[in-house]
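A short write-up of the structure that comes next.
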Amino acid sequence: MFQGGSLWAGLLSAGMSQFQDTKSLQQGQMGKKEYTAQTVENVTGAVGVMAGVEYGAVLGSTVLPGVGTVVGAVLGGVLGDRVGRVVGGQAGSMISKNPLVNKVVEPVNEAIQ
821 MFQGGSLWAG LLSAGMSQFQ DTKSLQQGQM GKKEYTAQTV ENVTGAVGVM AGVEYGAVLG
881 STVLPGVGTV VGAVLGGVLG DRVGRVVGGQ AGSMISKNPL VNKVVEPVNE AIQ
């Protein structure tokens with residue numbers, strides 16, 4: 821399903837976002853919990869971009885072959901990124917606020933420091 825242009829679009833989108841978030845974490849502009857939530861958001865955003873490009877191109881091709889494929893891929897990628905990031909932001913926030921997860925992560929944080 822995910823191959824070619826859609827795969828690269830998703831990886832590039834997530835990679836750039838993750839790079840910026842990692843830089844913010846290292847500079848102290850972002851906390852570890854927020855970084856966790858952002859990482860989940862970046863991953864789901866990438867999947868959203870990939871799916872959006874694929875399905876947008878298919879839908880665009882059925883409406884207007886050629887030009888519709890390109891327009892559908894672009895619009896699908898943008899919409900997929902938005903939806904993926906919203907879902908990922910909610911999931912990441914829930915994960916970082918979960919007491920059970922925090923209880924497991926605390927010993928790991930202490931071992932790293």
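Position in the sequence shown counted from 1, then plus 820, gives you my numbering.
For each residue, glycine too, the CB sits at the ideal point set by N, CA and C.
Inter-residue distance for LYS852 and VAL906 is about 19 Å (C-alpha atoms, whole angstroms). Rounded to the nearest angstrom, the gap between the Cα atoms of GLY830 and LEU884 is 24 Å.
When the alpha-carbon of GLY868 is set against those of GLN840, VAL903, LEU879 and LEU895, the nearest one is in VAL903. Taking the C-beta atoms as reference points, THR864 is found no nearer than 8 Å to ALA893.
In the DSSP annotation of this structure, the continuous segment of the alpha helix (DSSP H) that includes LEU827 starts and ends at 825-846. Each of TYR855, GLY897 and ALA877 was checked against the Cα of SER913, and the nearest Cα belongs to TYR855.
In its chain, beyond the 5 residues on either side, GLY912, SER913 and SER916 have a beta carbon closer than 6 Å to the beta carbon of ALA857.
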